[in-house]
Every structure is written in C-alpha cells, then in structure tokens.
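Please read the structure below before turning to the comments.
2 protein chains.
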Amino acid sequence: MDGRKWAYEDFAVGDEIVFGPRKVTAEDMIDFASQFDPQPMHLDEEAGKASMLGGLSASGLFTASVFMRMMCDAYILDSTSQGSPGVDYVNFRKPVLAGDELTGKTIVLEKRVSKSKPGLGFVSVKHELANQRGEVVCEMANTGMFLMRDPVAA
Amino acid sequence: MDGRKWAYEDFAVGDEIVFGPRKVTAEDMIDFASQFDPQPMHLDEEAGKASMLGGLSASGLFTASVFMRMMCDAYILDSTSQGSPGVDYVNFRKPVLAGDELTGKTIVLEKRVSKSKPGLGFVSVKHELANQRGEVVCEMANTGMFLMRDPVAA
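Order-wise, the sequence lines are chains A and B. So the first sequence is numbered by our numbering: it starts at 1 and just counts up by one. So the second sequence is numbered by our numbering: it starts at 1001 and just counts up by one.
Spelled out as structure tokens, the structure:
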C-alpha cells in the first residue's frame, strides 16, 4: 500500500466530500455530443430552444462524465479505487446549459468489507451536482471498491 | 410531426431493437479516460493488468457513452426523442477491454402517455451490451420521453 490518501479505512459514514466549481462550455458540450450523443438539442442552440430542455443542453452522459472527472480530481485519483460494479440510479433533475458552473458533493452512506476478496471494501455513496444557482442538476448513487490500507486490522 | 420513424406509437412492449457491432480501440478508451476518468487502469495496460480488471479497461462512462452512440445510430436519431429524466440502474458485469467488439439490444418493458404534457409519452426500456464472446458487459434501464405522431388519437 502506497501513500494515497483515500483507502477504504478513510471513508466514514456521513462524510461529505465537496468538489468543483467547474464551468461547462458550449464547445465542450457540443464536442462530446458529436461523438457520443448527437441529438439535436445537444448540438444546436435553436434545436435546444425548440425542445423541452429550453436551450443547448448537455447530454446526460456529458454531465455524468464531467461529474466523474470532478470526483477524480477531488479524491478518486488520490485513492485506492478499484472501480465500481455499477450505478444504482442517475436522476437528471434540471438541464445543464452552456456556461453553467457546477459544484458537487459525495456523501458516504454505508461501507462494508468484502467477504470474498481480502483487502477490498465497498463504499456506498450518493453524489449531487448543482449549478451556480444552487439547483441540483444531477443525482447519482453507486458503490465504489477501495483497497484497504491495512487489511489485517480491518 | 415530421417523418421520423420512431414516435411514441412505434414502440411496443416486448420489442427488441438490436444494434452494433462496434469495435472499441485502446486509443479511444485512453482518449476518453484522459478527459473524464483518468484512473490508471483506464490509461495504461500495465496498470490495468495490476488491477482487478485484468488489462487496460474502459471507463464505465466510456462504455455507457459508446452504448449511447450505438443507440443513437440505431433508432434515437430517427425518433422523436426528448431525452430521459434519468437512468434506473447501470451494471458493469465484465470489463470492456481494448479491441472488444460490442453489440447491443434495447428491449421495451412498458409505455405510458404523459398526464401532464399532451403529446408526450414515456417508454421504459432495458438495454444490454455484449462482447464478441456473447458475454453481457453492461446492462442499463431507463425511461425515454418521445413525442407522439398523432396526439389526438392516443
């Protein structure tokens, strides 16, 4: 085990890790959508205005990807993360529009040691992403897998 | 309503829409991870081999984004899609490795007309993505919103 800050032992139920802000630009939104989700409301301001979303709006996958990068920079890259077996849910509560400035937080809900893989633990978390008006734009929950710093003591 | 093929009325419970194949390259996986999920196992073959994933492996968000693009090309871009309020779950069942060739399907589970928004309907679907060995690598479920071709008749 090297010196990374966030091993399994470092997450406590109730912890909140905050991250951001990160501004999302029209250029980045369109670049992503062109590759992965080229629906008109994600590519063009006029098509966005004509849609339910009210303007050029981010693909949900772009929002989730930016969200992930913000978490990487805040704690995941400085952790013993082994990835995640999946995502429990994602709610897109408000459109993410060009120029929005996003901030986020991760809240630790529960944790448990793996029964089958010694030295591994599961950390269940909820994540929220909000815009510059404090409106929650996206909620997600998942379980991350993290190596322990000290498997013998756990 | 223009001539797009997939309006709300065109989805029937039990329908299966198949799509792919699409090959994922190490270059595309690394390019995505560099931007959005720069964890070592998504950037480097040796780090991937040292991880639980067994090799350079796609970020789950890359897999989900490629999955979305495959669905766009198969039917969403030729539909009256108005996006989705969220994702019910995502399961990453197997690692997606460089060179994998992915095929997918969407299965229609249920549909209902919006009570609050005339002319709009909700289509709940499950999606599966499999590799060239027929192993399911990713499962997702969500509800898409689609305009009706003929709101009066619905």
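Each residue gets a CB set at the ideal place from its N, CA and C atoms; glycine is no exception.
Residues of chain B with CB under 7 Å from residue i, in chain order?
i        : result
Tyr89(A) : Gly1086, Val1087, Asp1088, Tyr1089
Met68(A) : Phe1036, Asp1037, Leu1061
The alpha helix (DSSP H) with residue i in it runs from where to where?
i          : result
Thr63(A)   : 60-74
Phe1019(B) : Careful: Phe1019(B) lies outside any alpha helix (DSSP H), inside the beta strand (DSSP E) at 1016-1023.
Ser1034(B) : 1026-1036
Gly1048(B) : 1045-1050
Would you mind telling me which residues of chain B sit closer than 9 Å to residue i, beta carbon to beta carbon, in chain order?
i        : result
Phe92(A) : Gly1083, Ser1084, Pro1085, Gly1086, Val1087
Ser51(A) : Gln1082, Gly1083
Closest Cβ-Cβ distance between residue i and chain B: below 8 Å?
i         : result
Gln132(A) : no
Val137(A) : no
Lys23(A)  : no
Give a single yes or no on whether residue i has its beta carbon closer than 7 Å to a heavy atom of the ligand PLP.
i          : result
Pro1021(B) : The model depicted lacks the ligand PLP and carries no ligand whatsoever.
For residue i and chain A, any beta-carbon pair shorter than 8 Å?
i          : result
Pro1118(B) : no
Ile1076(B) : yes
Ser1065(B) : yes
Arg1149(B) : no
Ser1114(B) : no
Tyr1008(B) : no
Ile1017(B) : no
How would you write the range of the beta strand (DSSP E) that residue i sits in, first residue to last?
i         : result
Gly144(A) : 136-147
Asp128(A) : For the record, residue 128(A) in the displayed sequence is Glu; it is not Asp. From DSSP, the beta strand (DSSP E) with Glu128(A) extends over 120-130.
Cβ closer than 8 Å: which chain A residues qualify as neighbours of residue i?
i          : result
Asp1159(B) : Any question about residue 1159(B) goes unanswered here, given that chain B covers just 1001 to 1154.
Write down the C-beta distance between residue i and residue j rounded to the nearest angstrom, noting that I regard them as a contact closer than 8 Å.
i          : j          : result
Ala33(A)   : Ala98(A)   : In fact, because the Cβ distance is near 11 Å, the residues do not count as touching under 8 Å.
Pro21(A)   : Leu102(A)  : 6 Å
Val1024(B) : Ala1058(B) : 6 Å
Gly54(A)   : Phe92(A)   : At roughly 13 Å, the Cβ-Cβ gap does not stay under 8 Å, so Gly54(A) and Phe92(A) are not in contact.
Val123(A)  : Phe11(A)   : 5 Å
Arg1069(B) : Phe36(A)   : 5 Å
Val1108(B) : Val1018(B) : Not really, about 13 Å apart at Cβ, beyond 8 Å.
Val1090(B) : Ala1064(B) : 6 Å
Hey, does residue i have any beta-carbon neighbour from chain C nearer than 8 Å?
i        : result
Val87(A) : Given the protein chain composition of this structure (A and B), no chain C is represented.
Enumerate, from N- to C-terminal direction, the unbroken beta strand (DSSP E) stretches of 3 or more residues contained entirely within the stretch 87-115 of chain A. Entirely contained in the stretch 87-115 of chain A, the beta strand (DSSP E) runs reaching 3 residues are, in chain order, 101-113.
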